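Here's the structure, in structure tokens; my notes come after.
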Amino acid sequence: MTPKFKVGDRVVVKDQTSLFHTRTQAFVRNQEGTVVEHRPDWVIPEDEAFDKLETGRKEPFYVVRFKQTDLWPRYTGFAVDTLETECAEGWLRPAGKNE
Amino acid sequence: MSDPHKPIQASEEISEFEVLELALRELAIEKGLFSAEDHRRFSEWAESIGPSNGSKMVAKAWTDPEFKKRLLENGTEASKEVGIDWTDPTGTGTPSDYTFFYVLENTPQVHNVIVCTLCSCYPRPVLGMSPDWYRTPNYRRRMVRRPREVLAEFGLHFPSDVEVRVHDSNQKSRFMVMPMRPEGTDGWTEEQLEKIVTRDTMIGVALPSADWDASKAPSAGGGK
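Quick note, the sequences are listed as chains A and B, same order. Residue numbers are given in our numbering: position 29 of the first sequence equals residue 29, and the series is strictly consecutive. Adding 99 to a residue's 1-based position in the second sequence gives its number in our numbering.
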């Protein structure tokens, strides 16, 4: 699959349902970060959780880097600090655009 | 006053996950998928893996720039050079660990540290079982939110121009930190270097030091 985002793109993590299973943490939802690396396509956790390893939906994954001061309003560290986590493409939208 | 001779009450609490694991294991044994002895052997093997493979890789990378390049480019492939196959023994990896392995290089500007906020994801084929504290909600919650406070509790402090970069292994990747080679190790062999690359330095909660290899108890007061 051709990844929709490239390294350097600003993205926002969508606030989608976690009614069943997800690996997208609550603390990154609605937060803006930068794509820093691509990861191989993989069955998304929402399907993998139901053992659909063959038939589940595959998506590209991305490493997204956030500024800690963006994630936590009262962050106690320094402005240079960051956090990286991985998101499936379906959880991301381009920054600056609404759904 | 409490009675000093009263027996210690062990906690009888059992989590839902432990109940689930027991039930599944009993079913699998009953169905003949594996035997209780198979299960014991697997646990014994899995729990005997220590962090020495990770130490080997870091020491090799410190002394061999070509290996370092390969390690940073493709951790899974480079692991094979020190005898670790991430797909061993099941063909799809150590259960719950199969994945992509990435090595995070510390630099004078960036200090990396790993955590899994969702559970306890850890690069077990290279570092063995994770320490107990790594799996606690306390570490998992606080390392993402207050990393400098948690690092300070481990005795580690960085100035404001060093970026503390937390890696939450929430998906398919597993990470290991490659610390910087410390001072006082010029001319050391790979074998000497391996010893000071301790488990905690590859999690990112400590820095290697020429005078510490975790093989014997530290002197009182640490002597530093």
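In this text, a Cβ means the ideal position worked out from N, Cα and C, and glycines have one as well. What you are looking at is a predicted structure, and each value in this text was computed from that prediction instead of being measured.
- The beta carbon of ARG124 (chain B) lies closer than 8 Å to those of HIS138 in the same chain, with the five residues before and after it left out.
- Taking 8 Å as the CB threshold, VAL35 (chain A) stays off the interface with chain B.
- About 5 Å separates the Cβ atoms of ASP9 (chain A) and VAL35 (chain A), confirming a contact at the 8 Å cut-off.
- For PHE61 (chain A), the number of other beta carbons within 10 angstroms of its own is at least 16, and it is reported as buried.
- The C-alpha of ALA95 (chain A) lies about 5 Å from the C-alpha of VAL11 (chain A).
- ASN30 (chain A) counts as exposed, since fewer than 16 other beta carbons sit within 10 angstroms of its beta carbon.
- Here the segment 44-62 of chain A makes contact with the segment 82-91 of chain A; the two share three or more CB pairs at distances below 8 Å.
- For TRP42 (chain A), the enclosing beta strand (DSSP E) covers residues 32-43.
- Within chain B, the residues whose beta carbon sits less than 7 Å from that of GLU86 (chain A) are ASN269, GLN270 and SER272, listed in sequence order.
- Under the three-pair Cβ rule at 8 Å, the segment 144-162 of chain B counts as touching the segment 298-314 of chain B.
- Cβ contact annotation for LYS52 (chain A) (same chain, cutoff 7 Å, sequence separation greater than five): VAL43, in chain order.
- Approximately 5 Å separates the beta-carbon atoms of THR284 (chain B) and ALA309 (chain B); this is inside 8 Å, confirming the contact.
- Between PHE199 (chain B) and chain A, the shortest Cβ-Cβ separation is below 8 Å.
- Taking 9 Å as the Cβ-Cβ cut-off, the segment 216-244 of chain B approaches chain A at THR216, LEU217, VAL243 and ARG244, given in chain order.
- Beta bridge pairing from DSSP links ASP187 (chain B) with no other residue.
- The criterion of a C-beta distance shorter than 8 Å is satisfied by THR24 (chain A) and TRP91 (chain A).
- HIS266 (chain B) carries a strand assignment under DSSP once its states are collapsed to helix, strand and coil.
- Under a 10 Å Cβ-count criterion, ALA158 (chain B) is classified as buried, with 16 or more other Cβ atoms of the shown protein chains found around its own Cβ.
- Selection B:LEU203, B:PRO246, B:ILE148 and B:SER178 evaluated against GLY77 (chain A) yields B:PRO246 as nearest (Cα-Cα).
- Along the segment 4-26 of chain A, the positions whose C-beta sits under 9 Å from a C-beta of chain B are ARG23, THR24 and GLN25, read in chain order.
- In its chain, beyond the 5 residues on either side, GLU289 have a beta carbon closer than 6 Å to the beta carbon of THR162 (chain B).
- By the beta-carbon neighbour count (other beta carbons within 10 angstroms, threshold 16), GLN291 (chain B) is exposed.
- Under the DSSP assignment, PHE257 (chain B) falls outside any beta strand (DSSP E); it carries neither an H nor an E label.
- Identification of chain A residues near HIS266 (chain B) by a Cβ-Cβ cut-off of 7 Å yields GLU84, ordered along the chain.
- Under the 8 Å criterion on CB atoms, PRO278 (chain B) is classed as non-interfacial with respect to chain A.
- At a cut-off of 8 Å, the C-beta of VAL64 (chain A) has no neighbouring C-beta in chain B.
- Annotated three-state conformation of THR69 (chain A) is helix, per DSSP.
- In the three-state reduction of the DSSP assignment, TYR62 (chain A) falls in the strand class, which pools E and B.
- Around GLU252 (chain B), no beta-carbon contact reaches into chain A at under 9 Å, the shortest distance being about 13 Å.
- Under the three-pair Cβ rule at 8 Å, the segment 250-261 of chain B does not count as touching the segment 115-134 of chain B.
- In terms of Cβ geometry, VAL7 (chain A) and GLU32 (chain A) do not form a close pair [threshold 8 Å].
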